[in-house]
Each structure stands twice: as structure tokens, then as C-alpha cells.
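Residue numbers (my numbering): 2 to 127.
Please read the structure below before turning to the comments.
Listed below in C-alpha cells is the structure:
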């Protein structure tokens, strides 16, 4: 989900209003801290604000949180996320996903290479 900003600060009122609006829609859940939501570029505090707002607006709905390492994975778990969307890494992809899965279930995320993503070959995916 996108994160509204005013300058370099999250517009919490706008975030809350958007989450409230989405809660009234027929959605099963949302993804936060992902590519569109600037996940890896948010501070730890900003990520907590975003996840807290979505969890409050969507109790009982699925929240998938982007993660680029174990620190984000643990924060997602603490904040009430249900699963992780693993930002891709080039080195030790299997070990990386295994490490993240110790916190929450993991979805492998294909972010196209032009946006900084990694293409996993068939061997890595099996």
C-alpha cells in the first residue's frame, strides 16, 4: 500500500483515512512495506506507524509486510503482520528465505530487475 507523506514525514491522518476507507472495501488484506509503500526506505519508526495503522484498521484481515532481512521480519511479526514479502537478494537466496521464515510465512517477491530486483533461476526456485 502506498504511504502518504508531507515532505519527509508520514501524513498519519491521511494514512489512517486511507486505511479506514480500505477497511470498508471487499478486501481480504493488504501488503505494506512493499515496493509501492517504500518499505526498505522507511525508518524503523515509520514502518511501525504504517503497520500499526493498517493493523488497527484491518483487525482479522491478512497483512503481508515486505522484509529485506531479519530485522524487518521481526518488526513485522511484533507489529502483527501475518506473512512476509521477501525482497529479493542475489546471494544465498535459499538461506535468506529460510532465515526470514523463522519469523513468519514467506512469499518470494519478484521485483523486476530495472527496479532493483533479482531474477531467480529455476534451480533457485526449486
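For each residue, glycine too, the CB sits at the ideal point set by N, CA and C.
None of the values given here were measured: they were computed from a predicted structure.
Separation of residue j from residue i, as counted between CA atoms
{"i": "residue 104", "j": "residue 94", "result": "16 Å"}
{"i": "residue 24", "j": "residue 60", "result": "9 Å"}
{"i": "residue 87", "j": "residue 125", "result": "14 Å"}
{"i": "residue 79", "j": "residue 123", "result": "33 Å"}
{"i": "residue 99", "j": "residue 9", "result": "34 Å"}
{"i": "residue 102", "j": "residue 66", "result": "13 Å"}
{"i": "residue 42", "j": "residue 29", "result": "26 Å"}
{"i": "residue 111", "j": "residue 22", "result": "28 Å"}
{"i": "residue 96", "j": "residue 2", "result": "27 Å"}
Limits of the unbroken beta strand (DSSP E) element including residue i
{"i": "residue 76", "result": "It is not in any beta strand (DSSP E) - residue 76 instead sits in the alpha helix (DSSP H) that spans 71-79."}
{"i": "residue 84", "result": "84-87"}
{"i": "residue 63", "result": "63-68"}
{"i": "residue 1", "result": "No statement about residue 1 is possible, as the shown extent of the chain runs from 2 to 127 and does not include it."}
Closest by C-alpha distance to residue i, when choosing among the options
{"i": "residue 109", "options": "35, 63, 8", "result": "35"}
{"i": "residue 120", "options": "84, 101, 89, 98", "result": "89"}
{"i": "residue 26", "options": "71, 106, 58", "result": "58"}
{"i": "residue 11", "options": "54, 68, 70", "result": "54"}
{"i": "residue 4", "options": "32, 107, 69, 38", "result": "38"}
Enclosing alpha helix (DSSP H) for residue i [first to last residue]
{"i": "residue 13", "result": "13-24"}
{"i": "residue 96", "result": "94-101"}
{"i": "residue 33", "result": "Note, residue 33: premise wrong, no alpha helix (DSSP H); beta strand (DSSP E) at 30-33."}
{"i": "residue 50", "result": "45-58"}
Whole-Å CB distance - residue i paired with residue j, under 8 Å assumed
{"i": "residue 129", "j": "residue 40", "result": "The displayed coordinates of the chain run from 2 to 127. Any statement about residue 129 would go beyond what the structure contains."}
{"i": "residue 74", "j": "residue 85", "result": "6 Å"}
{"i": "residue 83", "j": "residue 63", "result": "5 Å"}
If you pair each beta-carbon of the stretch 8-27 with each one of the stretch 47-60, do three or more pairs fall below 8 Å? yes
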